[in-house]
Amino acid sequence: MKLDAHIPEGPLERKWDSHKFNMKLVNPSNRRKYDILVVGSGLAGASAAATLGELGYNVKVFMLQDSPRRAHSIAAQGGINAAKNYPGDGDSVWRLFYDTVKGGDFRAREANVYRLAQISSQIIDHCAAIGVPFAREYGGLLSNRSFGGAQLSRTFYARGQTGQQLLLGAYSALMRQVGAGTVTVLPRREMVDVVVKNGRARGITVRNLVTGDMEAYSGHAVLLCTGGYTNVFYLSTNAASCNVSAAWAAYKRGAGFANPCFTQIHPTCIPRSGEHQSKLTLMSESLRNDGRVWVPKNKGDHRKPSGIPEEERDYYLERRYPAFGNLVPRDIASRAAKTVVDAGYGVGPTGHAVYLDFRDAIKRKGQEAVKEAYGNLFDMYYQITDEDGYKVPMRIYPAPHYAMGGLWVDYNLMTTVPGLFALGEANFSDHGANRLGASALMQGLADGFFIAPATVAGYLGAGKFEPVTTLDKEFADSAKQVQERINRLLAVKGEKTPSEFHRQLGNVMWNDVGMARSESSLKKALKRIPEIREEFWKNIKVSGGDKDFNQTLEKAMKVADFLEFGELLVRDALERKESCGGHFREESCTPEGEAKRDDANFSHVSVWEYQGEGREAALNREPLAFENVKIAERSYK
Amino acid sequence: MKQNKHFNVTVRVWRQAGPGEPGKMVSYKVGDISPDMSFLEMLDVLNDDLIKKGEEPIAVESDCREGICGCCGLVINGDVHGPDEHSTVCQLHMRRFKDGDVITVEPWRSKSFPAIKDLVVDRSALDRIMQAGGFVSANAGAAPDANSVPVDRDRAEAAMDAAACIGCGACVAACPNGAAMLFTGAKISQLALLPQGAPERAARALNMVQAMDKEGFGNCTNEYECEAVCPKEIKVSNIARMNREFLLANLFSKR
Amino acid sequence: MDTTFLKRLITTSLGRKSLMAVTGLLLGAFMLIHLGENLLLLKGETAYNGWVEFLLSNPITPLLELGLLLLFLVHITAGVWVRVEDFLNAPRGYEARRWQGGRTIGSATMLYTAAAILVYLVYHMLTFRFVDHSMGFYQMVTGAFRSPVFTSIYVAGSAALALHLSHGMQSAFQTLGVSHPKYTPLIKAGGWLVALAMLGFALISLYFLFNMDLKAAEAGFQVIIIR
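Chains as they are written, first to last, in numbering that gives the first Met the number 0: chain A, 0 to 636; chain B, 0 to 254; chain C, 0 to 226.
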């Protein structure tokens, strides 16, 4: 596999501009002759489809749900970063770039991250122009807040539902193009394969989720905007339909998969309450500004929290990280919670939780002030747990949240398959080993509104395209392969449901490949996952047929892919013998137990290449060069 | 008082094999329910049981399960989105029920939301209303600096109140006339309140209202059931604003 | 000449509703004037007949009558149209569906109160408008009020009207887009007052039915009546 990132020549600040100048263009009157297939309608997909439609291309958008507005981008709470420096506290493109590279623990590409920081301001301008109701000051100008431990205020927000408002903005731009006739929306369709002809992505096979029919669509470029794979852990903050299947199909057609082991665990989620749990709900980490995290000093102390005297409480974050206390970054807070729970100090009915206590904040500021800042989160906590966070400490526990890894893309967001692009969380590009808060929305929209429209044009303008129709053999072959897999699933008629297998896989992933990973735990998982997969294909039960609206079949197909992908994630984690960002290898830590990077051996992107069914994936490496920032160690002591 | 004991209920669910097929209510017993379970998790448990028995599980839509995506929507014991006020079905927990309860579960029933299967309906009519004018016509890359257009904070907040709509369709399901006025009014209001939406105000109001009519949604009889069930507490003042926008546009714009 | 805007008043849901609202508000205003007229009955025969004579001798009156008829026709046509549509579009098949706090008795019964008012209106026309007026208007009206049957119907009509307006007044303002956090509560209260005022028709007829010679009540009315 040849990995050429196609990073433009020249100084960092000039790369994107000169690249835009050097890329080929497509004449406005020719654009409607190009068919572009966009898979997914989240921030990246909706914004890319809308913008390509505005430019005059002929665009089709595919999504699982009944409407583009349902994509999981909608659930993002916090905000979106931009280097506007409106508050005048010293922000700049360079600082946002630097913070993102450092926050990603020096495992991201400098050129991509710099471009992201450059574009960040344009995103805010555009979103304000299309009617996103951002929070404002009394003077009518945009309001900013600080986020994720940043030392300045660069986060734009719309109450606690920034993702929703940005997605609805992109969705409205998309609806405008549908009305104008440049974009066609095809809801309730799942992409099941990428069709490659003569080495280029020329179409997709989708399953119509209502009729169960296999449908073929041809085009000149395919954009995968299909989100992240965190549901491989079964329980995560992601929506039920989030999956790896589209990216996995692309991988099997030759797209390299980069850094699958880079996953982010969010520290402030509501813990699970039992076996029935289907998802974990995230509460904004702003709670840690005022809440104090603690566990009892004595193991198995089952007294009510109010009955545990001050001297028997262990405020372990404040104890271990006196400088940052409860405000240490996500990965560190998460791991610390796991450490105390694993040692037997966990609280609540399952023992898999720690306290987040607002007693002192209420004493200091009054309940009203706490309510004003976090009222909606306390309400949400009450609704789910039936407990009043003002009176008893909240119980929290980390949960899988975001995938930094994804399909490998070059500077043009193109995968190793020409004509196949990956945008947003589906690609690996900008967050390195750890994503900073409020950066996911920024990346999704940068990719969709600004980068892909330029680079896709560059791709289309650069080459000639042989005519392709959906009657070509490649499309029939693709549909046949997928149908065979579906038939196999239906034919098993075993005893266990897709959810049961998913839960089983999730347990292995969470326990052995979760917040902390070791060679032995990873090897254990590497043995366990193929066993579960084997059992899956012998014992899965899918009721109903395939030519129908069949949610069990949909789920089974997703779980089948997770069972293959999970193994790749473990393999990647095993290969990366360093700790960095969200990837913590117990063997690679400082004497105090903190993560230790190994720049000499692992300053690269691991890109996995499919070798065919039943064969081990091949590892390729894209070395990372840091020419503009000085590599430093992260310390929060 | 917190209850911790597990309990049993009977759910009576609308089963319909496909579009245009006849449907009926079917009863199922669900046992060993934890009060901490969400209502949808209870249906998950029931569905896994049905799969194991070789029966078809109940088709039901949900995605984010945190009340924001707008996928879920059921009428539970006659209540749109269930008995909790201003909440989506996915946020409803089984502690709201007790041992032996019989729970009736029905889909949104509106002429404009054709049935797909069991509890799943097609809400794409709402997208088509949006296509008629629920946007600002500004292309990516053309915008001035975001702070070049100050927005009155109260208006920005009111726009945000309207923009909070999750497009679940509860307003339509609850309306005695199957109207989509609250949905349409919220979007027209959001963009009418912001200066960015001003240039297209007249066309937007005229086009969206006519698109709404075309989809076969009913009239507004100002009974405000929509406001009572809206999970995001969208106010009917947004419907009044839509009415105002429409009437003024019709009488005084050049369109 | 572009008449699209006129067509839209008829072809769109909001257009039809606005016609219904405007005519409804004007009819409401007429009912308040009509109530004022009826209060003259309490003042006595001279006052009442004097007012009626004034109306009959006024050349504008037939025009006003025609306008009133038009208001009724538009209100009824728009109303029936809207209601037929609503009937066709209404969600169907809910086994259990409970109203969750928006509906009121007034709003739920608009169609029934409308029908009752229409029936009553026809009766009213037949008994007062298209009859021999030679005995004098005051005698005719108060005579009718002394009939228990007539007054029962009259009270029922007023009650239906009150119930209709309890929803209709605020609804008309909402339909016309008049909504403001400061004024909407006042409009709603005002709507209720107008609705309650409609019971005044019933009280006047009951006054004559029972031939009440309540000085106090009369004194009260005297204050209200414009001299």
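Quick reminder that beta carbons are idealized off the backbone N, C-alpha and C, glycines included.
Selected residue, minimal CA-CA separation from residue i, among the options
i: K23/A; options: A127/A, A169/A, G457/A and A200/A; result: G457/A
i: K492/A; options: I539/A, G611/A and S428/A; result: I539/A
i: G639/A; options: S605/A, A128/A and F105/A; result: What is shown of chain A runs 0 to 636, which leaves residue 639/A out entirely.
i: N258/A; options: E626/A, Y216/A and N619/A; result: N619/A
i: F377/A; options: G388/A, E371/A, A172/A and N26/A; result: G388/A
i: G190/C; options: A201/C, S178/C, G199/C and S170/C; result: S170/C
i: Q480/A; options: D409/A, E612/A and M413/A; result: E612/A
i: D598/A; options: E608/A, A631/A, A617/A and K278/A; result: A631/A
Same chain, Cβ closer than 7 angstroms to residue i, five either side skipped, listed in chain order
i: F155/A; result: G78, I79, A81, I123, F133, L141 and N143
i: Q164/A; result: V131, P132 and A157
i: Q15/B; result: G22, A114, K116 and D117
i: V73/C; result: L18 and T22
i: S152/A; result: P86, D88, N143, R144 and S145
Contacts around residue i, its chain only, beta-carbon distance under 6 angstroms, and the 5 residues preceding and following it disregarded
i: Q503/A; result: I531
i: A461/A; result: K23
i: Y137/C; result: E44, Y47 and N48
i: S602/A; result: L623
i: A617/A; result: E608 and Q610
Three-way DSSP call (helix, strand, coil) for residue i in this model
i: S37/B; result: strand
i: D212/A; result: coil
i: A617/A; result: strand
i: W50/C; result: helix
i: C167/B; result: coil
i: H125/A; result: helix
i: D62/B; result: coil
i: V131/A; result: coil
i: G22/B; result: strand
i: F427/A; result: coil
i: V194/A; result: strand
i: W107/B; result: coil
i: K337/A; result: helix
i: Q164/A; result: helix
i: N57/C; result: coil
i: E297/B; result: With chain B covering 0 to 254 only, the question about residue 297/B has no answer from this structure.
i: I225/C; result: Annotation note: pLDDT 39 at I225/C (below 50); position unreliable, coordinate value reported separately. Note: I225/C maps to coil in three-state DSSP.
Cut-off 8 angstroms between Cβ atoms - residues of its own chain near residue i, not counting five sequence neighbours on either side
i: S86/B; result: G66, H80 and P230
i: G66/C; result: none
i: S111/B; result: A124, V171, G177, A179, E214, G215 and F216
i: E615/A; result: R570
i: G77/B; result: T103
Distance between beta carbons of residue j and residue i, contact taken as under 8 angstroms
i: L164/C; j: A194/C; result: 4 angstroms
i: V29/B; j: V12/B; result: Not quite, the Cβ-Cβ distance comes to about 10 angstroms (not below 8 angstroms), so this is no contact.
i: I102/B; j: V228/B; result: 18 angstroms between Cβ atoms; not a contact.
i: T349/A; j: P270/A; result: 7 angstroms
i: P61/C; j: R108/B; result: Actually they are not in contact, since the Cβ atoms of P61/C and R108/B sit about 50 angstroms apart, beyond 8 angstroms.
i: A432/A; j: G103/A; result: 6 angstroms
i: A451/A; j: F427/A; result: A451/A to F427/A, Cβ: 15 angstroms. No contact.
- request: Could you list the residues in the segment 196 to 223 of chain B with a C-beta less than 8 angstroms from some C-beta on chain C, going in chain order?
  value: L205, V208, Q209, M211, D212, G215, F216, G217, N218, C219, T220, N221, E222 and Y223
task: Pull out every residue of the segment 103 to 121 of chain C whose Cβ sits closer than 8 angstroms to any Cβ of chain B, in chain order.
output: T103, S106, A107 and M109
message: What are the residues in the segment 17 to 32 of chain B lying within 8 angstroms of chain A by C-beta distance?
response: Within the segment 17 to 32 of chain B, the qualifying residues are G17.
field: Contacting positions in the segment 161 to 178 of chain B - beta carbon closer than 9 angstroms to chain A
entry: A161, A162, A163, C164, I165 and G166
message: Against chain C, which members of the segment 54 to 79 of chain B pass a CB distance test of less than 7 angstroms?
response: V74, N76, G77, D78 and V79
- request: Would you list, in chain order, the members of the segment 173 to 196 of chain C that have their beta-carbon closer than 9 angstroms to a beta-carbon of chain B?
  value: Q173, T174, L175, G176, V177, S178, H179, P180 and T183
Contact set between the segment 89 to 100 of chain C and chain B, restricted to residues whose Cβ is under 7 angstroms from the partner: A89, P90, R91, G92, Y93, E94, A95, R96, R97, W98, Q99 and G100
Positions along the segment 153 to 175 of chain C whose CB lies within less than 7 angstroms of some CB in chain B: S170, Q173, T174 and L175
task: Note down, in chain order, all residues in the segment 59 to 76 of chain A with a beta-carbon under 7 angstroms from any beta-carbon belonging to chain B.
output: Within the segment 59 to 76 of chain A, the residues whose Cβ lies closer than 7 angstroms to some Cβ of chain B are Q64, D65, S66, R68, R69, H71, I73 and A74, listed in chain order.
field: Interface residues of the segment 523 to 542 of chain A facing chain B [CB-CB below 8 angstroms]
entry: K540, V541 and S542
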